[in-house]
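Numbering (the working numbering) for the sequence shown: 52 to 723.
Using N, Cα and C, we set each Cβ at its ideal position, and we do this for glycine too.
Encoded as structure tokens, the structure appears first; notes follow it.
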Amino acid sequence: MNNFIRWSSILKKYAWIFLCLLFIGSAIYAFRNIYQIPYDNIYAQDLYDHSQWAMPINIRSIGDEKLYQLAGYIAVTTGKLFTINPEAPPLAKYMYGLSIVLTNNAYVFTLPLFITATFLVYLLAFEITQNKRQSALVCLLFCTSPLAVAQIKFTMLDLPQLLALVIHMYMTIRYGKTQRFRFALLSGIFFGAFMGIKIGFFGGAILLADSIYLYKKRVIFHMIPIVLVSILTYSAIFIPYLMNEGIMQWLRAEKWVLAFYMSSGAHAFPGLVFFTLFLGVTKGWNANDTWRFIEYWTILWPIMGIVFIQKVWKIFIYKSTVTHEYLYALYITALLLLSFLAVPFFPRYLLLVLPLLLIFVSQKIIRFSIPLKVFLGAIIVTQYFLFLFPQPSMMVADVQKLWKSSAYQDMYASIDEKTRLSVSRIQFWRVGKTLEYNIQLVSKDITIGSLPFVLPWENKVSTGVSVHYITPTGSITYNIPLTLLREHNVWKIQWNENFLFPQFKSYKSIRHVPLLSTFSRIFIQNTLISESSRIDNTPILYVTPNKIRNEPLLQSQLLTLTGLKKHDVEYLYKANNLPEKTVKIGSVLDKKSLRVMVEKLDPGITVQTQEQRIFYPKRVDPQIYKQALKVLQAKKTVLYPIDGGYIELKHKDGRVQKILFREPVIGHDIIL
52 MNNFIRWSSI LKKYAWIFLC LLFIGSAIYA FRNIYQIPYD NIYAQDLYDH SQWAMPINIR
112 SIGDEKLYQL AGYIAVTTGK LFTINPEAPP LAKYMYGLSI VLTNNAYVFT LPLFITATFL
172 VYLLAFEITQ NKRQSALVCL LFCTSPLAVA QIKFTMLDLP QLLALVIHMY MTIRYGKTQR
232 FRFALLSGIF FGAFMGIKIG FFGGAILLAD SIYLYKKRVI FHMIPIVLVS ILTYSAIFIP
292 YLMNEGIMQW LRAEKWVLAF YMSSGAHAFP GLVFFTLFLG VTKGWNANDT WRFIEYWTIL
352 WPIMGIVFIQ KVWKIFIYKS TVTHEYLYAL YITALLLLSF LAVPFFPRYL LLVLPLLLIF
412 VSQKIIRFSI PLKVFLGAII VTQYFLFLFP QPSMMVADVQ KLWKSSAYQD MYASIDEKTR
472 LSVSRIQFWR VGKTLEYNIQ LVSKDITIGS LPFVLPWENK VSTGVSVHYI TPTGSITYNI
532 PLTLLREHNV WKIQWNENFL FPQFKSYKSI RHVPLLSTFS RIFIQNTLIS ESSRIDNTPI
592 LYVTPNKIRN EPLLQSQLLT LTGLKKHDVE YLYKANNLPE KTVKIGSVLD KKSLRVMVEK
652 LDPGITVQTQ EQRIFYPKRV DPQIYKQALK VLQAKKTVLY PIDGGYIELK HKDGRVQKIL
712 FREPVIGHDI IL
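Following this line, the structure appears as structure tokens:
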């Protein structure tokens with residue numbers, strides 16, 4: 052009996068630890084897919100080279116997560132810190148790069164980071180509240196927060212930055228209580244680490260709160276060694292770069308980073324952080340971005356916001372007495388929230404203040420009645436598990452966007468495992484792009500059907516997809532059933548090659564066959580005044596990407612000949628095109644310039660001619676010529692030919708089928 056009582060007491064005392072482990076274990080199971088994703092540097096580099104960071108007009112884009120992986124890998128393997136993602140300091144990216152080098156997986160370090168952060172959140176909460184029960188609740192709420200636990204499956208900068216902030220605050224408080232120099236030293240080191248993980252805009256808010264706290268503790272001048280140590284730590288983060296490039300080049304690079312943010316032109320939406328906190332909605336930086344629900348939001352967020360406002364009101368208006376440590380936490384929270392108002396805001400920024408808001412709200416939750424605690428706990432746990440086992444809607448939206456833009460190589464990650472085992476990323480891209488090239492696709496639209504609510508244990512759902520192609524000879528629209536599968540708790544499309552074209556598997560080849568038209572001739576009685584030119588045709592420039600020898604030279608030559616700038620021509624031949632396929636750039640503006648440089652053109656450029664209509668106004672009386680043009684305009688006669696064509700389908704059994712046949716509109720001679 053005594054043993055039972057003793058074990059019951061131990062279980063009750065440490066139940067929160069078991070619950071934390073249960074919730075973390077559930078997250079590991081839900082996110083298990085991330086540990087099976089090998090790092091693909093070729094794909095990452097290709098994505099970056101064709102993204103918004105390398106091409107102003109782009110089809111593909113790279114998210115922050117893949118950007119940090121690539122930048123970290125380059126930083127660790129080459130020591131180059133300012134070639135990719137120079138605007139963010141490298142400390143956290145080192146970690147992801149090292150993870151890739153050691154394990155060929157960028158996510159291995161995120162779990163130990165999260166577990167360490169959870170433990171330190173408990174220590175910080177205890178230093179501030181001196182209440183083990185309240186600190187345990189803070190830790191438990193942190194483990195059930197989708198915003199916090201989501202960091203396990205992302206290689207972002209927010210979790211490392213939170214870890215640095217929590218340790219800095221803990222060491223600052225320990226120093227304020229004990230006056231032991233080692234805590235001041237560690238406080239400075241981790242503040243320097245905080246500044247070396249992400250752009251240091253929020254550092255000012257933290258230093259101000261530190262200064263107030265140390266002033267209250269009558270050791271304000273001790274901020275000097277803390278700041279000096281943080282500067283040394285921040286500088287040490289760049290040692291690989293300093294060794295290769297020198298201190299002056301590093302200072303120039305830091306100046307560039309400052310100028311980058313000062314001239315970015317990004318504007319914060321007024322009060323967006325409070326829309327996020329209280330309503331669970333957010334929007335992007337652009338004026339035309341729409342509001343969207345935040346998948347991390349829980350019922351606890353508005354409660355935390357209300358409790359925080361109450362705390363501030365009581366302390367600063369009614370002068371309620373609190374400890375210096377509690378006031379320190381309030382200052383940092385308030386100053387960071389104010390800082391969020393001054394920058395373009397993302398919901399994940401709230402991770403920095405989440406532990407502190409949980410400290411404030413935990414004191415209130417402990418006083419709730421048992422039924423209210425059970426009710427709130429049930430909602431929190433339900434939202435947590437719904438987050439761990441997501442709906443397929445977000446994946447469907449991403450796939451729809453990628454499919455429409457023909458970014459098949461990026462869409463590849465969202466197709467089912469069976470298909471990925473049978474075809475590589477490059478092959479998948481080439482099949483889709485080759486079809487579009489062969490049918491001379493002008494544009495397309497993809498619409499995936501609506502989806503029902505999917506329960507966490509459901510792994511399959513059916514819908515449909517509608518594909519609409521516009522080609523030079525007409526449009527093709529078809530609908531086909533689509534199945535979504537949950538694989539390792541990640542939604543995927545069960546791919547079918549017939550998605551690309553009806554009965555695609557049964558064809559040996561698909562191609563667009565043009566039927567060219569002819570120009571009409573225009574006569575005034577027996578005098579020819581207009582016809583197609585057989586001598587002075589219009590030169591048209593084309594580029595074949597894999598034949599380019601000197602790309603800067605090619606772009607300079609295209610600018611001279613067509614007037615199109617670097618970003619315009621890159622979009623035409625480079626954005627998302629097969630390297631061996633020739634693409635049209637445009638007509639030559641100055642034929643004389645072409646004759647001068649034709650022998651010096653880069654091998655990637657080819658010149659073809661196109662018939663054009665010419666007029667002979669001097670062959671007849673000027674008044675008669677003007678009158679003839681008025682008559683032509685009044686008749687609305689088709690002067691220029693309209694080419695026709697068809698799409699030819701060759702079946703594997705040898706049959707040939709023609710679809711979308713359109714007759715060319717031939718120009719008939721006109722006698723005025």
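Buried or exposed by the 16-neighbour rule on C-beta atoms within 10 Å, applied to residue i
| i | result |
| --- | --- |
| P89 | exposed |
| G148 | buried |
| F367 | exposed |
| A429 | exposed |
| E650 | exposed |
| N109 | buried |
| P141 | buried |
| E487 | buried |
| Q684 | exposed |
| N155 | exposed |
| K686 | exposed |
| D720 | exposed |
| K709 | exposed |
| I531 | exposed |
| H618 | exposed |
| P406 | buried |
Straight-line gap, residue i to residue j (C-alpha atoms, nearest Å)
| i | j | result |
| --- | --- | --- |
| W308 | P523 | One point to set straight first is that residue 308 is Val, not Trp, in the sequence displayed. Taking the straight line from one Cα to the other gives about 47 angstroms. |
| I93 | P603 | 23 angstroms |
| K455 | R111 | 11 angstroms |
| L533 | K144 | 38 angstroms |
| W480 | L629 | 9 angstroms |
| S420 | N182 | 19 angstroms |
| M446 | F570 | 50 angstroms |
| F69 | P163 | 17 angstroms |
| D694 | F712 | 11 angstroms |
| G331 | P596 | 46 angstroms |
| L210 | A199 | 8 angstroms |
| K559 | N549 | 13 angstroms |
| A256 | K495 | 49 angstroms |
| L403 | L118 | 21 angstroms |
| L175 | K362 | 19 angstroms |
| I275 | Y312 | 27 angstroms |
| N489 | A310 | 46 angstroms |
| L188 | Q87 | 33 angstroms |
| Y124 | I298 | 23 angstroms |
Residue i (DSSP reduced to helix, strand or coil)
| i | result |
| --- | --- |
| H563 | strand |
| A422 | It should be noted that the sequence gives Pro, not Ala, for residue 422. Helix. |
| S571 | coil |
| I277 | helix |
| W542 | strand |
| K669 | helix |
| T374 | coil |
| Y529 | strand |
| G130 | coil |
| H519 | strand |
| L623 | helix |
| Q661 | strand |
| G695 | strand |
| S513 | strand |
| K632 | coil |
| R537 | strand |
| G637 | strand |
C-beta atoms of residue i and residue j nearer than 8 angstroms
| i | j | result |
| --- | --- | --- |
| Q212 | I248 | yes |
| P590 | V512 | no |
| E662 | V564 | no |
| P291 | L132 | yes |
| V412 | L453 | no |
| I75 | Q120 | no |
| P398 | A319 | no |
Are there three or more Cβ pairs, one per stretch, closer than 8 angstroms when the segment 578-597 is compared with the segment 535-550?
Segments in contact, no.
Segment contact, 8 angstroms Cβ cut-off, at least three pairs: the segment 370-388 with the segment 336-351
Touching, no.
Given 8 angstroms, three or more beta-carbon pairs between the segment 192-199 and the segment 229-237:
Taking 8 angstroms as the limit for Cβ pairs, the verdict is that the segment 229-237 does not touch the segment 192-199.
Quick one: any contact between the segment 495-503 and the segment 658-676, if contact means 3 or more CB pairs under 8 angstroms?
Per the Cβ contact rule, the segment 495-503 is not in contact with the segment 658-676 (fewer than 3 Cβ pairs under 8 angstroms).
Is the segment 288-304 close to the segment 257-273, with three or more CB pairs under 8 angstroms?
Contact fails: fewer than three Cβ-Cβ distances are below 8 angstroms.
Is there contact between the segment 166-180 and the segment 212-221, where contact requires at least three CB pairs shorter than 8 angstroms?
Yes, the segment 166-180 is in contact with the segment 212-221.
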